[in-house]
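This report refers to the structure that appears directly beneath it.
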Amino acid sequence: MNIVLLGAPGAGKGTQAAQLAASLKIPHISTGDIFRKNMDEKTPIGLVARSYIDLGKLVPDDVTTEIVRARLEEADCKEGFILDGFPRTVAQAEALSRFSEIDAVIDVDVPLEKLMKRLTGRRVCASCHESFHVDFIGARSDCPHCGGELTHRDDDKEETVKKRLEVYKAQTEPLISFYKKSDKLIAVNGDQPVQKVTEEIFARLKK
Ligand code: AMP
């Protein structure tokens, strides 16, 4: 199954993508994670990506699309994949349709006003990449699951989050109507406990 996860920053796409990938035994491809890895390793792509990501802007379509196109050609994607954070613009969605057939597009819907709190309080494990909210973990700095170091992403700081949410509204939200036309869109309520969201996704995928 080739699946796209849509949704605003902080909607829980990454968490749900990881669950789906583990259950369906297909790779979880997060463009944000690919960019962060390149930034950590200071590769040429990482340097380009940082100049956009630090400002809350999208990395240009041509750079992002080429990364995904090449990744989907790898052998582990033959039986399917979960795309998390791609496409984020109509141009990316059009490009994707030229090199891959998508079976389902899951929109994880969370009211925009709740996302600021989710993102600014988010801490991400540097080792297993799982996310937690300070409301649940308090001030601890180690991952409750693997003991790795919890980090506060630079782009989860308030000013950058504001910009990211504006960019989502302007450039990514139009993808919902884009995919509605194709009859592949599954809208799920992302404003409920993680496990409930996962159950809703699986129930809707089986239909
Ligand atoms: P994420 O981890 O998905 O929130 O992505 C972090 C940042 O990476 C985004 O705010 C963008 O700057 C960049 N990024 C991730 N995916 C894309 C994409 N499909 N197109 C352009 N920029 C992206």
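Sequential numbering from 5 applies to the sequence shown in the working numbering. Ideal Cβ placement from N, Cα and C applies to all residues, glycine included.
In its own chain, which residues sit with a C-beta less than 7 Å from the C-beta of residue i, not counting the 5 before and 5 after it?
{"i": "alanine 25", "result": "Pro31, His32, Ile86"}
{"i": "valine 138", "result": "Gly125, Arg127"}
{"i": "aspartate 88", "result": "Leu9, Lys17, Gly18, Ala21, His32, Ile33, Ser34"}
If you drop the 5 nearest sequence neighbours on each side, which residues of the same chain put their C-beta closer than 8 Å to that of residue i?
{"i": "phenylalanine 103", "result": "Arg73, Leu76"}
{"i": "histidine 149", "result": "Cys129, Cys132, Glu134"}
How far does the alpha helix (DSSP H) with residue i in it extend, from its first residue to its last?
{"i": "alanine 74", "result": "65 to 76"}
{"i": "valine 192", "result": "No alpha helix (DSSP H) holds valine 192; the beta strand (DSSP E) holding it covers 189 to 193."}
{"i": "serine 55", "result": "48 to 57"}
{"i": "alanine 108", "result": "That residue, alanine 108, is in no alpha helix (DSSP H); its beta strand (DSSP E) goes 108 to 113."}
How many Å lie between residue i and residue j at the Cα?
{"i": "aspartate 65", "j": "alanine 95", "result": "7 Å"}
{"i": "aspartate 187", "j": "isoleucine 106", "result": "11 Å"}
{"i": "aspartate 146", "j": "phenylalanine 140", "result": "13 Å"}
{"i": "threonine 223", "j": "arginine 92", "result": "Missing from the structure shown is residue 223; the chain here goes from 5 to 211 and no further."}
{"i": "leucine 100", "j": "threonine 69", "result": "8 Å"}
{"i": "aspartate 1", "j": "valine 114", "result": "An answer regarding residue 1 cannot be provided, because it is not within the stretch 5 to 211 covered by the chain."}
{"i": "isoleucine 49", "j": "aspartate 80", "result": "23 Å"}
{"i": "proline 178", "j": "valine 67", "result": "21 Å"}
{"i": "glutamate 134", "j": "arginine 122", "result": "14 Å"}
{"i": "tyrosine 183", "j": "alanine 191", "result": "11 Å"}
{"i": "glutamate 153", "j": "cysteine 129", "result": "6 Å"}
{"i": "lysine 29", "j": "serine 131", "result": "20 Å"}
{"i": "threonine 124", "j": "asparagine 42", "result": "23 Å"}
{"i": "leucine 10", "j": "glutamine 175", "result": "12 Å"}
{"i": "isoleucine 38", "j": "lysine 61", "result": "16 Å"}
{"i": "isoleucine 205", "j": "valine 109", "result": "11 Å"}
{"i": "leucine 119", "j": "proline 13", "result": "7 Å"}
{"i": "valine 63", "j": "glutamate 83", "result": "28 Å"}
Along the chain, where does the beta strand (DSSP E) containing residue i start, and where does it finish?
{"i": "isoleucine 86", "result": "85 to 88"}
{"i": "leucine 10", "result": "6 to 11"}
{"i": "serine 145", "result": "Element bounds for serine 145: n/a, residue is neither H nor E."}
If we count Cβ pairs, one from each stretch, closer than 8 Å, do we get three or more for the stretch 11 to 30 versus the stretch 200 to 210? Three or more beta-carbon pairs drawn from the stretch 11 to 30 and the stretch 200 to 210 are found closer than 8 Å, and the two stretches are therefore classed as touching.
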